[in-house]
Amino acid sequence: MKKTLGIAAGLASLVVVLVNVVPSFGQADATGGQGRQAASTPKTTGVAPYRVGLVNLEKVFKSYPKFDAAQKALQADAKAKQERLTQMRAQFKDWVDQHRNPELKQTPGNVKSWEEEATRKEAEIAAEEQNAKRELMKRESNLYATVYQDVADVVEYVAKRRGLAMVMRFSDDPISPSDPDSVVKGLSRHVLYLDPSADITNQVIATLNRSYENAQAPAAGRQPSGN
Numbered sequence: 001m002k003k004t005l006g007i008a009a010g011l012a013s014l015v016v017v018l019v020n021v022v023p024s025f026g027q028a029d030a031t032g033g034q035g036r037q038a039a040s041t042p043k044t045t046g047v048a049p050y051r052v053g054l055v056n057l058e059k060v061f062k063s064y065p066k067f068d069a070a071q072k073a074l075q076a077d078a079k080a081k082q083e084r085l086t087q088m089r090a091q092f093k094d095w096v097d098q099h100r101n102p103e104l105k106q107t108p109g110n111v112k113s114w115e116e117e118a119t120r121k122e123a124e125i126a127a128e129e130q131n132a133k134r135e136l137m138k139r140e141s142n143l144y145a146t147v148y149q150d151v152a153d154v155v156e157y158v159a160k161r162r163g164l165a166m167v168m169r170f171s172d173d174p175i176s177p178s179d180p181d182s183v184v185k186g187l188s189r190h191v192l193y194l195d196p197s198a199d200i201t202n203q204v205i206a207t208l209n210r211s212y213e214n215a216q217a218p219a220a221g222r223q224p225s226g227n
């Protein structure tokens, strides 16, 4: 239901834009097409064109060996912590089952002591789980922040070499009518048309990976390089 509402909202926004745009064409026709002619003939101001580049940030992240290696290490640690928590819960369950054995003769004092111990052990497991989640979330956040800065530095380097005044992120993932998520994402895109020459994604990937390889095997005087 949420996905359907999201698509409906996106389509509603698109309709509003069309409603606001269509009258302007009608006005142009009413004045002999002057408005349309003005739109198709940009004025020459003598100002240099404002060059913009586009980069697929998701593709860059997925193609960066440093991000891939760090993400796999993080996943391995998460798995190890999960296995430890599973073991702790299994041990706690065995301990509880042993003390609940009806064949054991326990005094009221022993029962109270056991219940207090069970509460303490259960709280320790819960605290261990929360600490593990916080640690993993913090590490993941630091990973994304570090990789993003690496990418931003290379984007700036490539942009300056190509004389770009601005670089924006975009996505060229295909839109599938059978996949509501892809439709919603498609409707929220800021870039509707892309001249292939404006896409600097592959150059950013090549330069970023080359810089990473250089960092893995340091050599004096090496600079990021790109085509």
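Just so we're aligned: 77 in the numbering used here is position 77 of the sequence shown, and the numbers increase by one with no gaps anywhere.
Backbone N, C-alpha and C define an ideal beta-carbon position, used for all residues, glycine too.
From the DSSP output, in three-state form, read off residue i for me.
i, result
"Gly186", "helix"
"Tyr64", "coil"
"Ala73", "helix"
"Ala90", "helix"
"Arg134", "helix"
"Ala126", "helix"
"Ala217", "coil"
"Arg233", "This structure does not reach residue 233, given that the chain is present from 1 up to 227, and the question cannot be answered."
"Asn100", "Here the sequence assigns Arg to residue 100, which means Asn is not the residue at that position. The answer is coil: DSSP assigns Arg100 none of H, G, I, E or B."
Leaving out five residues on either side along the sequence, give the residues of the same chain with a beta carbon under 8 Å from the beta carbon of residue i.
i, result
"Gln71", "Leu143"
"Gly10", "Unreliable placement is indicated for Gly10, whose pLDDT of 45 sits below 50; no coordinate value is reported for it."
"Pro177", "Val183"
"Ile125", "Leu85, Met88, Arg89 and Phe92"
"Arg169", "Leu54, Val55, Asn56 and Leu57"
Could you name the residues of the same chain whose beta carbon sits closer than 7 Å to that of residue i, not counting the 5 residues immediately before and after it, in chain order?
i, result
"Arg51", "Gly163, Leu164 and Ala165"
"Glu58", "Ser171"
"Val96", "Ala118"
"Thr263", "Because the chain spans 1 through 227 in this model, residue 263 falls outside it and cannot be assessed."
"Val154", "Val204, Thr207, Leu208, Ser211 and Pro224"
Going by CA-CA distance only, name the one from the options that's closest to residue i.
i, options, result
"Ser171", "Ile200, His99 and Arg139", "Ile200"
"Lys138", "Leu74, Lys66, His190 and Leu57", "Leu74"
"Ala265", "Asn56, Arg134 and Asp94", "No information on residue 265 is available, as it lies outside the stretch 1 to 227 that the chain covers here."
"Gln216", "Lys79, Lys62, Val55 and Lys66", "Lys66"
"Asp68", "Val167, Lys79 and Glu140", "Glu140"
Using the DSSP secondary-structure output, state which residues sit across from residue i in a beta bridge.
i, result
"Val52", "Met166"
With a CB to CB cut of under 6 Å and the five nearest residues on each side skipped, what residues in its chain are close to residue i?
i, result
"Lys81", "Ala132"
"Glu128", "none"
"Val60", "Val151, Val204 and Ile205"
Nearer than 7 Å: is that true of the beta carbon of residue i relative to any heavy atom of the ligand FMN?
i, result
"Thr146", "Judged by which ligands are present, the structure shown has none, so any question about the ligand FMN falls away."
- Quick one: which unbroken beta strand (DSSP E) runs of 3-plus residues sit fully inside the region 155-208? Chain order, please. 166-169
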